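In this note's numbering, the protein residues as written are 17 to 178. See structure below.
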């Protein structure tokens, strides 16, 4: 195991959540991931053995069940975050969502030197998707357009493009 017992992906998600002031969700995700890792460690062949084969088999089954349950909990937590829709960020006029990576919809004022040719809502997504694309001046139409673009991007990445 490496020093980041919660895993690189979960650690990155936790840091992202904490950077945006969503520390409760970050702490919950970190705690469940550590519990999952502890259960998996108990399954490893280097775990201390008990006397006799039956107690050892029971210990292995219990640890396997706990590891499976915790993997399910982490997946369920990520699924709930995705289904929550656009989640407000503490920053003014900024919305975020989890969908196969972090998506961010943020309001920017016109500043051509910084890459914002118009005032309005811009969409950022995971690598290979959208990187600050202007959607609309108003929040409602921008959210609808972002939904459409995210759905189209996900479909294209699954190979069943519209």
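Ideal Cβ placement from N, Cα and C applies to all residues, glycine included. Computed from a predicted structure; not experimentally measured.
Unbroken alpha helix (DSSP H) run spanning residue i, endpoints
i	result
residue 169	155-174
residue 134	From DSSP, residue 134 is part of no alpha helix (DSSP H); its letter is neither H nor E.
residue 40	39-59
Alpha-carbon to alpha-carbon, residue j and residue i
i	j	result
residue 131	residue 42	31 Å
residue 51	residue 118	24 Å
residue 154	residue 102	15 Å
residue 35	residue 91	22 Å
residue 82	residue 38	27 Å
residue 47	residue 78	19 Å
residue 133	residue 171	29 Å
residue 113	residue 120	6 Å
residue 158	residue 27	30 Å
residue 166	residue 146	9 Å
residue 168	residue 139	14 Å
residue 67	residue 174	At residue 67, the pLDDT of 49 sits below 50, so the modelled position is not reliable; the number obtained from the coordinates is stated separately. Cα to Cα, residue 67 sits roughly 49 Å from residue 174.
Residue interval of the beta strand (DSSP E) (run including residue i)
i	result
residue 130	Segment: none, residue 130 is in no beta strand (DSSP E) and carries neither H nor E.
DSSP beta-bridge partners of residue i
i	result
residue 122	110 and 138
residue 149	139
CB of residue i within 8 Å of CB of residue j, strictly
i	j	result
residue 151	residue 163	no
residue 123	residue 144	no
residue 45	residue 29	yes
Residue i: CB within 7 Å of a non-hydrogen atom of the ligand FMN
i	result
residue 147	Questions concerning the ligand FMN fall outside what the structure shown contains, since it holds no ligand whatsoever.
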